[in-house]
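To start, the structure under review is shown below, and the notes come after it.
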Amino acid sequence: MPSENQPVITSDRPARAVIVGSGSMGRWWARSIVASEVAELVGMADLDESVARAAVAQSGAEDPDSIAVGRDGVQLARDLGADILVNPTVPVAHHPVTVAALHAGIPVLGEKPVTETLPEAISLMAHTEVTGVPFMVSQSRRFFPQVRQLRAFVAEHGPAVLTSAFFSLFTEHDGFRRTQGHPMLRDMGIHAFDTARHVLGTDPVAVTAQGHRPPWSVYSHDASVTATFEMTDGSLFVYNGTWNARGLPTYWNSEWRIAGQNGTATWDGQGTPVVGTDNEDRDRELNAELSAPREAEPNQIDASLIEFVSALREGRRPLCEVHDNVLSFAMVEAAVAAVENRARVEIDELLETARQDAIAAERDDDARAVMESWGSVRAAITQAQAGAGEQVRPQV
Ligand SMILES: NC(=O)c1ccc[n+]([C@@H]2O[C@H](COP(=O)([O-])OP(=O)(O)OC[C@H]3O[C@@H](n4cnc5c(N)ncnc54)[C@H](O)[C@@H]3O)[C@@H](O)[C@H]2O)c1
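Each position in the sequence shown, counted from 1, maps to that position plus 25 in this note's numbering.
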């Protein structure tokens with residue numbers, strides 16, 4: 026249930042948004058918000074103010090001078106009376122910036138990954154409970170119409186037995202990913218893991234994984250990985266990802282095959298999914314329905330923004346609210362632990378160890394008490410999910 030403190034935005038006006046972090050994603054968010062009907066960009070922040078100013082300049086805003094810039098995004102949002110803070114800072118800044126915003130009463134739409142570490146993510150669950158202020162993680166890939174089609178197919182023809190997502194794209198990113206630990210899992214895997222949970226309607230139980238760093242890799246840590254997850258329905262989800270292989274690139278969404286009890290779906294990550302059952306007539310019908318022309322609709326971060334603002338207007342929990350998102354992030358960190366320890370890692374054990382670390386590191390007495398009060402992290406997540414209102418098709 027939404028808390029009493031949850032800020033609500035009326036539907037007769039766009040949400041006033043400040044963006045903190047004006048790098049490549051911050052610039053994309055600026056263009057998205059300026060073009061949006063549900064929000065307006067009132068401020069843009071970065072540690073380097075000139076970077077924030079440059080992000081405003083490329084945003085497409087009619088009057089760039091009317092958009093304030095600053096170094097401290099939360100302070101800027103307070104000064105401007107913003108309704109929401111969008112947080113595409115680097116992952117190490119996600120926890121401190123989000124905690125400050127939640128305690129200032131400002132709902133946060135954060136970029137993935139939720140935080141740099143799992144204890145920090147668990148701490149943010151507690152801070153939303155303490156403040157009653159919503160925090161959604163933008164898992165933008167959930168909002169592709171094809172993902173919704175796959176989810177509907179699995180609901181009708183599942184349960185899934187064996188699912189695979191294969192990501193292969195030769196990419197030499199600059200910036201934080203060069204030195205980030207396990208950049209393939211932490212930067213890309215998170216997208217596929219969250220998509221798998223959403224499409225399959227299951228959550229992770231345990232994982233085994235291995236990583237590889239070929240000599241030509243520009244990354245300090247392994248950017249090639251294979252991970253096999255055991256899910257709550259007993260099915261297996263296999264992820265293969267690499268930034269080190271040239272030729273025949275996959276799309277950014279990975280290539281998918283979902284094999285289920287009563288049907289199988291494949292998706293190249295870009296076009297229309299292809300499905301099959303043991304009935305050829307039915308297959309023709311199903312595939313015709315999937316490829317029928319439909320109206321263009323917002324996807325990626327445009328759709329994340331609509332979902333967040335809609336949830337605030339309706340006083341419900343948004344999709345990808347932090348409690349739910351922690352299970353996607355836990356898949357990343359469990360796979361990292363499985364690579365490093367060369368062992369099968371149970372998600373619940375990892376979550377409980379992370380909770381103890383979060384309690385030890387927490388400086389806020391109320392947040393610490395909340396974490397101590399949970400029966401388990403999984404129980405706190407389940408309780409929050411029980412109060413969630415899901416809106417699969419984003420609407421204005
Ligand atoms: N959804 C997607 O498809 C997608 C794609 C790329 C990146 N991302 C995510 O977006 C986030 C940002 O990635 P990026 O590629 O834009 O990084 P980037 O390094 O290009 O930009 C980050 C910016 O944040 C600023 N910053 C850092 N700490 C700050 C603070 N405390 N206050 C204000 N500004 C601060 C930096 O100065 C920098 O300009 C990451 O979490 C990344 O994983 C998501």
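Even glycine gets a Cβ: it sits at the ideal position worked out from N, Cα and C. Note that the structure is predicted; figures quoted are calculated from it, not measured.
Between residue i and the rest of its own chain, which residues show a CB-CB distance below 7 angstroms, the 5 nearest in sequence each way excluded?
i: Glu255; result: Val230, Ala231, Leu261
i: Phe201; result: Val115
i: Leu127; result: Val133, His152, Thr153, Thr156, Val158, Phe160
i: Val59; result: Leu66, Ser84, Gly85, Ala86
i: Met213; result: Phe192, Gly266
i: Leu101; result: Val43, Gly68, Ala70, Ala93, Gly95
Cutting at 6 angstroms between CB atoms, please list the residues of its own chain near residue i, excluding the five before and the five after it.
i: Arg167; result: His223
i: Pro113; result: Gly46, Met50, Gly51, Trp54, Glu136
i: Val361; result: His207, Leu210
i: Ala405; result: Trp399
i: His120; result: Thr140, Glu145
i: Thr267; result: Ser193, Ser249
i: Asn350; result: Val139, Val162
i: Ala77; result: Ser47, Met69, Ala70, Asp71, Val94
Tell me the residue span of the beta strand (DSSP E) that contains residue i.
i: Val94; result: 93–95
i: Ser61; result: Element bounds for Ser61: n/a, residue is neither H nor E.
i: Arg424; result: This structure cannot settle anything about residue 424, because the visible part of the chain is limited to 26 through 421.
i: Val263; result: 261–267
i: Val122; result: From DSSP, Val122 is part of no beta strand (DSSP E) but of the alpha helix (DSSP H) over 116–128.
i: Leu134; result: 133–136
i: Ala42; result: 40–45
i: Glu280; result: 280–285
From this set, the options, which residue's C-alpha is nearest residue i's C-alpha?
i: Leu143; options: Ala411, Arg211, Arg307, Arg78; result: Arg211
i: Ile215; options: Asp71, His182, Glu141; result: Glu141
i: Leu187; options: Thr291, Asn304, Thr153; result: Thr291
i: Gly296; options: Asn287, Arg380, Trp281, Gly285; result: Trp281
i: Ala190; options: Trp241, Leu273, Ile283, Arg203; result: Ile283
i: Leu273; options: Arg369, Asp293, Gly259; result: Asp293
i: Asp258; options: Trp277, Gln325, Thr204, Ala185; result: Ala185
i: Ala336; options: Met213, Ser316, Gly412, Ala77; result: Gly412
i: Ala64; options: Val334, Glu397, Gln381, Asp390; result: Val334
i: Asn324; options: Ile109, Ser75, Gly48, Phe169; result: Phe169
i: Val347; options: Asp37, Ala409, Leu105; result: Ala409
i: Val243; options: Ala252, Thr204, Asp228; result: Thr204
Could you tell me whether the Cβ atoms of residue i and residue j are closer together than 8 angstroms?
i: Leu432; j: Arg393; result: There is no way to answer for residue 432, as the model of the chain reaches only from 26 to 421.
i: Gln164; j: Pro298; result: no
i: Ser249; j: Gly236; result: yes
i: Tyr264; j: Phe195; result: no
i: Thr275; j: Ser353; result: no
i: Val67; j: Ala86; result: no
i: Gly95; j: Val122; result: no
i: Ala363; j: Thr233; result: yes
i: Gln174; j: Leu315; result: yes
i: Ala359; j: Ile372; result: yes
i: Ala383; j: Ser148; result: yes
i: Ala80; j: Pro89; result: no
i: Arg41; j: Ala107; result: yes
For residue i, which residues from the same chain have a beta carbon less than 8 angstroms from its beta carbon, with the 5 sequence-adjacent residues on both sides left out?
i: Ser61; result: Pro39, Asp327, Leu330, Ile331
i: Asp308; result: Val300, Gly301, Thr302
i: Val179; result: Ala185, Val224, Leu225, Gly226, Ile283, Gly285, Ala290
i: Thr35; result: Arg338
Identify the continuous alpha helix (DSSP H) that holds residue i and give its terminal residues.
i: Val402; result: 402–411
Inset, instruction - Counting only runs of 3+ residues fully inside the segment 159–230, write out the beta strand (DSSP E) ranges in chain order. - result: 160–163, 185–193
Legend entry - 3 or more residues per run - each beta strand (DSSP E) lying fully within the segment 287–356: 289–292, 299–301
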